[in-house]
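Chains as they are written, first to last, in the numbering used here: chain F, 289 to 477; chain Y, 289 to 477. Beta carbons are placed, not taken as given, at the ideal position from N, Cα and C, and that holds for glycine. In this text, all values refer to a predicted model and were calculated from it rather than measured experimentally. First the structure, in the form of structure tokens, and then the observations on it.
This is the structure we're talking about:
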């Protein structure tokens, strides 16, 4: 059993930390930002990537921690770019994905987050998903990553056309983190 | 200094082992095949990937070893698919790359291999490259990976249209391995 409820979050992206922290505060869970890039293995599975990242990080810092990773999975492209979403954003960009999708009717896609919690006693992976489709064109300049070409089900706008509160209603990262919190509150009680 | 000249090769691809072994035999270097997938970190740099793979493998088997990784780097696509070549082959395939290259004049690309040797005393990375271009269509059914859409400079045929001896004349993997051998023969003498 844990003595403290402080949990370290390993990420070099301050916005991700802030997004999680704004949720954690509602539950009185204290997060601490560790500004480090996570060590990532090559794998088709986000769960496997965060699990190995988290174990490696735990072997260094030896206190409870979270690692998360997110990706865009496009059905007609065999789930490409999946775990390599950041790399593909930097190389092919939004236009590259739209080019690959030219003439393809099935535009189904989802964003997914996998989040791993580790401490001395447990290792658990939680996931969150938002299902939607790839837009026909780039729309909006808000958000980051592939937000301007992703339309969540139940909306007509891309994530790039939404402000942060609107986007958070759908957030895959938020969903994964809420799953963690459900577990964690029981675990520490 | 090494007592023996046996070097382990970590790969789950028997063809890669055979390709290296056929070269090693000419120099009287004994290779031993360890049939294991290598542990791969996510990185834009093949050198970094093989270096970390090799160190991790050495911590397990504790005897001299080699790990190699290869990728296709396309100039007009910011070097995509690079270190994620196998993943992109499985998801987008040959047609996906040709679609991304539609209407693009600059078709320059290269295949590169990075190969890391580790023992108790040294860790060294060697590279080999073959420069060429992406073809306009899929041609030939020999080889593997992206061979049917890659034309090496100095030839008109794709790697997919060449037999193994013809392809080996250009081989990036062979070049990297020859670099290793140059080092190794001096090292053990």
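Taking a beta-carbon distance threshold of 8 Å, residue 384(Y) counts as an interface residue toward chain F. Beyond the five residues adjoining it in sequence on each side, residue 462(F) comes within less than 8 Å, by CB distance, of 307, 311, 416, 456 in the same chain, given in chain order. Nearest CB-CB separation between residue 327(Y) and chain F: below the 8 Å threshold. Boundaries of the alpha helix (DSSP H) harbouring residue 341(Y): 334-349, taken from the DSSP string. Taking a 10 Å sphere around the C-beta of residue 326(Y), we find 16 or more other C-beta atoms and assign the residue as buried.
Proximity of residue 394(Y) to chain F, defined by a Cβ-Cβ separation below 8 Å, is not satisfied.
In the DSSP assignment, residue 467(Y) falls within the alpha helix (DSSP H) that extends over 460-476. Apart from sequence neighbours up to five positions away, the residues of its chain that approach residue 448(Y) with a beta-carbon distance below 7 Å are 427, 428, 429, 430, 431, 435, 436, ordered along the chain. Taking a 10 Å sphere around the C-beta of residue 315(F), we find fewer than 16 other C-beta atoms and assign the residue as exposed.
Nearest Cα to residue 468(Y) within the set 401(Y), 388(Y), 384(Y): 401(Y).
DSSP places residue 293(F) in the coil class of the three-state scheme, outside both helix and strand. Membership of residue 397(Y) in the beta strand (DSSP E) is indicated by the continuous run 396-406. For residue 357(Y), no alpha helix (DSSP H) run applies; the uninterrupted beta strand (DSSP E) run containing it begins and ends at 353-362, by DSSP.
With a cutoff of 8 Å on beta-carbon distance, residue 320(Y) and residue 294(Y) are scored as near each other. When rounded, the separation of the alpha-carbon atoms in residue 440(Y) and residue 342(F) is 42 Å.
Sequence-distant partners of residue 365(F) (beyond 5 residues in either direction) whose C-beta falls short of 7 Å from its own C-beta, in its chain, are 388. At a Cβ-Cβ threshold of 8 Å, residue 404(F) and residue 338(F) count as neighbours. Counting C-beta atoms within 10 angstroms of its own C-beta, residue 296(F) has 16 or more neighbours from the protein chains shown and is therefore classed as buried. CA-CA distance, residue 475(F) to residue 374(Y), rounds to 40 Å.
Sequence-distant partners of residue 299(Y) (beyond 5 residues in either direction) whose C-beta falls short of 6 Å from its own C-beta, in its chain, are 305. Looking at the DSSP output, residue 311(Y) shares a beta bridge with no other residue. Looking at 409(F), 472(F), 376(F), 411(F), the one whose alpha-carbon comes closest to that of residue 358(F) is 376(F). Between residue 394(Y) and the set 411(Y), 367(Y), 407(Y), the nearest pair of CA atoms involves 367(Y).
Where residue 329(Y) is concerned, there is no enclosing beta strand (DSSP E), because DSSP gives it neither an H nor an E. Nearest Cα to residue 414(Y) within the set 459(Y), 371(Y), 452(Y), 466(Y): 466(Y). With its beta carbon at least 8 Å from every one in chain F, residue 361(Y) lies outside the interface. Residue 387(F) reaches chain Y at 387, 388, 390, counting residues in chain order whose Cβ is nearer than 8 Å.
When rounded, the separation of the alpha-carbon atoms in residue 458(Y) and residue 445(Y) is 12 Å. For residue 379(F), the closest Cβ of chain Y is nearer than 8 Å.
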